[in-house]
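Using our numbering, read the sequence shown as starting at 2 and increasing by one per residue.
C-beta: ideal position from N, C-alpha, C; glycine also.
Structure first, then comments.
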Amino acid sequence: MRMVDIIHKKRSGNVLSDQEIQFFVDGVVSGEIPDYQISALLMAIYFQGMTDSEQATLTMKMMTSGDHLDLSSIPGIKVDKHSTGGVGDKVSIPLAAVIAAMGIPIPMISGRGLGHTGGTLDKLEAIPGYQVEMSEAKFIEQIKRDKCAIIGATGNIAPADKKIYALRDVTDTVDSIPLIASSIMSKKIASGTDALIIDVKTGAGAFMKTLDDSRALAKALVSIGKGVGMQCMALITDMNQPLGRAIGNALEIQESIDVLKGNGPTDLEKLITAIGGYMVVMGGKAKTIGEGQKLAETVIHNGQGLKSFKRMIQDQGGDSNVVDEPTDILPQAAYQIDLPAKRTGIISKMVADEIGVASMLLGGGRQKANDKLDYSVGIYLNKKIGDPISEGESILTIHSNRKDVEDIKKILYDNIEISATAKKPKLIYETVG
Ligand code: URA
């Protein structure tokens, strides 16, 4: 078999055989296929797509390219959640604590930021001492004890994805349904969860910009999950404006703590309880979604979720005093600079991806794979779409370690609109599965 023939076949719009997909994945992992041929096939897949059966085969071959965690020694139904990526999307952090507080095991293997989107691991590393690397044995031990752990992919989970993901990032082939679906599901199947809920983001700040594409991605993800016998469903949720008010690693940890103290932004708490409600049903602790959502609300407001979060931080080597004194423990930026409104009206647009880029340029995200992050920087939205604002009032606060942020202000002014009227956008569009 020759890689050039496989590229030609896909480039011409034909369906790859299982053997050809296996040859490709094997060659990626062994290093025998050079980056330029991998990239060429990724671009061919980007333009020609894949059938459901090709997608499922690619996922399974990527999954079996590495280790498979065996979580069967953990009692109970293991439930996990994954987001396709967004701006200000810190849901996984408080949600894991909320679900664990109900006694449902949540083995969460998360990722780092990609492009303008933030990553759960980067956010958690803003907590001094927090370790995202852990052996399989320790991961299992912690879930048995605390019910939750949030870590990075252990050792050799889906090594084909690691290579492909890095090449997609630099060849502009990230927003492809078969490539996103196989990337997410190969890792999730390998991580050994019994049930999975996927938050498929839609809109400007998401990889899928339209509802139709988001629906197609959600269907692909759910069909792959169900195909391997997992309980699996997806929610399609808004990412036209950032989620919550905080964007930036330490700021997002602080906001996660606010949520667990019952003081979080309304949209964020609403999404956590919505996703949580489904997870509680999947985990067998409630009969209806409504009942599950009520339970999630209860553990947010009675402090049980916060307790779980504190325990998880402590067990992963982090300074758990952060939940009591977040501003003393989390890194703080030297300057807090307000962005005043140029006119009176209603906020009608806050383009999520560009606001994510602004936070990245402050140092909160990576422009190159090995960039070091500045955990303290970011953006705090004082207003969101649908909020009234007066001329001169602060739209948002820039947290920066440099005094001159004129470049950042320009991006923000260019991507925030104030009009005479505007409606608050919908948060949850539909469920799939
Ligand atoms: N998250 C992943 O793990 N993979 C993607 O391709 C996109 C989001």
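Compute the minimum distance between the beta carbon of G204 and the heavy atoms of ligand 1, and state whether it is under 6 Å. Here residue 204 is taken as the residue at index 203 of the sequence shown, counted from 1. Result no, Cβ not under 6 Å from ligand 1.
Over the uninterrupted beta strand (DSSP E) stretch that includes A150, give me the two end residues. The residue labelled residue 150 in the question sits at position 149 within the sequence shown. That run of the beta strand (DSSP E) goes C149 to I152.
So A45 is in the alpha helix (DSSP H); what residue range does that whole segment cover? One-based indexing of the sequence shown puts residue 45 at position 44. DSSP places A45 inside the alpha helix (DSSP H), whose first and last residues are D36 to Q49.
Beta-bridge partners of P341, as assigned by DSSP: Stepping through the sequence shown from its first residue, residue 341 is reached at position 340. Answer by DSSP bridge pairing, in chain order: S395.
Are the beta-carbon atoms belonging to D147 and M313 less than 7 Å from one another? Along the sequence shown, read from residue 1 onward, the residue named residue 147 stands at position 146. Along the sequence shown, read from residue 1 onward, the residue named residue 313 stands at position 312. The answer is yes: Cβ separation under 7 Å.
Assuming the contact rule is C-beta atoms closer than 8 Å, G86 and F208 should be a hit. Round their C-beta distance to whole Å, please. In the sequence shown, the residue the question calls residue 86 occupies position 85. In the sequence shown, the residue the question calls residue 208 occupies position 207. Yes, they are in contact, since the Cβ atoms of G86 and F208 sit about 6 Å apart, within 8 Å.
Whole-angstrom distance between I276 and L363, CA atom to CA atom: Residue mapping note: residue 363 aligns to position 362 of the sequence shown, counting from 1. Residue mapping note: residue 276 aligns to position 275 of the sequence shown, counting from 1. Near 31 Å, if we compare the C-alpha coordinates of I276 and L363.
Helix, strand or coil: how does DSSP classify M4 here? For this step, residue 4 is matched to residue 3 along the sequence shown. Looking at M4 - three-state DSSP - the assignment turns out to be helix.
Measuring alpha carbon to alpha carbon, tell me which residue in K384, A138 and Y279 is nearest T267. Against the sequence shown, residue 267 aligns to sequence position 266. Comparing Cα positions, the closest option is K384.
Only counting runs of 3 or more residues, tell me where the beta strand (DSSP E) segments fall wholly within the region 97-158, in order along the chain. Listed in chain order, the complete beta strand (DSSP E) runs (minimum 3 residues) inside the region 97-158 are 107-110 and 149-152.
Closer than 6 Å: T267 CB and nearest ligand 1 heavy atom: One-based indexing of the sequence shown puts residue 267 at position 266. No, Cβ of T267 sits at least 6 Å from all heavy atoms of ligand 1.
Can the beta-carbon of K62 be found closer than 7 Å to that of I7? To locate residue 62, count along the sequence shown from 1; it is residue 61. To locate residue 7, count along the sequence shown from 1; it is residue 6. With contacts defined by Cβ atoms closer than 7 Å, K62 and I7 do not form a contacting pair.
What residue range does the beta strand (DSSP E) around L236 cover? As a position in the sequence shown, residue 236 is number 235, starting the count at 1. Unbroken beta strand (DSSP E) run through L236: Q232 to D239.
Which of the three DSSP states is assigned to A196 in this structure? As a position in the sequence shown, residue 196 is number 195, starting the count at 1. Three-state result, A196: strand.
Can you have a look at Y414 and say buried or exposed, based on whether 16 or more other CB atoms are within 10 angstroms of its CB? Here residue 414 refers to the residue found at position 413 of the sequence shown. With fewer than 16 other Cβ atoms within 10 Å, it is exposed.
Cβ pair count under 8 Å reaching 3, the region 159-179 against the region 353-363: no
Report whether the distance from the Cβ of G226 to the nearest heavy atom of ligand 1 is below 6 Å. As a working note, residue 226 is residue 225 in the sequence shown. No, the beta carbon of G226 sits no closer than 6 Å to any heavy atom of ligand 1.
Does the Cβ of I181 lie closer than 6 Å to at least one heavy atom of ligand 1? By 1-based counting over the sequence shown, the position of residue 181 is 180. It does: the Cβ of I181 is within 6 Å (strictly closer) of some heavy atom of ligand 1.
Under the rule that 16 or more other beta-carbon atoms within 10 Å means buried, what is S111, buried or exposed? Translated into positions along the sequence shown, residue 111 becomes position 110. Buried: at least 16 other Cβ atoms inside 10 Å.
Given A102 as reference, the closest of N303, Q317 and K411 once Cα atoms are compared: To locate residue 102, count along the sequence shown from 1; it is residue 101. Nearest of N303, Q317 and K411 to A102, Cα basis: N303.
Hey, M240 and K202: beta-carbon distance below 7 Å or not? Along the sequence shown, read from residue 1 onward, the residue named residue 240 stands at position 239. Along the sequence shown, read from residue 1 onward, the residue named residue 202 stands at position 201. Cβ atoms of M240 and K202: closer than 7 Å.
Residue environment, S31, which counts as buried when at least 16 other CB atoms sit within 10 Å: Taking the sequence shown and counting its residues from 1, one reaches residue 31 at position 30. With fewer than 16 other Cβ atoms within 10 Å, it is exposed.
Measure from the alpha carbon of L168 to the alpha carbon of each residue in Q38, P332, M283 and I128, then state which is nearest. Residue mapping note: residue 168 aligns to position 167 of the sequence shown, counting from 1. Ranking Q38, P332, M283 and I128 by Cα distance to L168 puts Q38 first.
Secondary structure of P389, DSSP reduced to three states: Locating residue 389 in the sequence shown gives position 388, where the first residue counts as 1. Strand at P389.
On a CA-only basis, which of K286, L42 and Q294 is nearest L180? Give me that one, please. Position 179 of the sequence shown holds residue 180. Cα-wise, what sits closest to L180 is L42.
Taking the beta strand (DSSP E) that D81 falls in, what are its first and last residues? Within the sequence shown, numbered from 1, the residue matching residue 81 stands at position 80. V80 to S84 is the span of the beta strand (DSSP E), which, as asked, contains D81.
Give me the DSSP bridge partner(s) of A353. Your numbering for residue 353 matches position 352 in the sequence shown. Under DSSP, no beta-bridge partner is assigned to A353.
Within its chain, find whatever has a CB closer than 7 Å to the CB of T172; leave out the 5 residues flanking it on each side and keep chain order. Your numbering for residue 172 matches position 171 in the sequence shown. Correct list, in chain order: S40, L43 and M44.
Just to confirm the assignment, what range does the alpha helix (DSSP H) spanning Y414 have? Position 413 of the sequence shown, counted from the start, is the residue given in the question as residue 414. Y414 -> alpha helix (DSSP H) spans E407 to D415.
At a cut of 8 Å, does the region 225-241 reach the region 319-327 through at least three beta carbon pairs? no
Less than 6 Å separating the Cβ of T85 from some heavy atom of ligand 1? Counting from one through the sequence shown, the residue named residue 85 turns up at place 84. Checking the Cβ of T85 against ligand 1 gives yes.
So V80 and V300 are in contact, right, with Cβ under 8 Å, and what is the actual spacing, rounded? The count along the sequence shown starts at 1 and reaches residue 80 at position 79. The count along the sequence shown starts at 1 and reaches residue 300 at position 299. No, V80 and V300 are not in contact; Cβ-Cβ is about 15 Å, not under 8 Å.
For D316, the residue or residues it bridges with in DSSP: Residue numbering aside, residue 316 sits at position 315 when the sequence shown is read from its first letter. The partner list for D316 (beta bridge, DSSP) is empty, contrary to what the question assumes.
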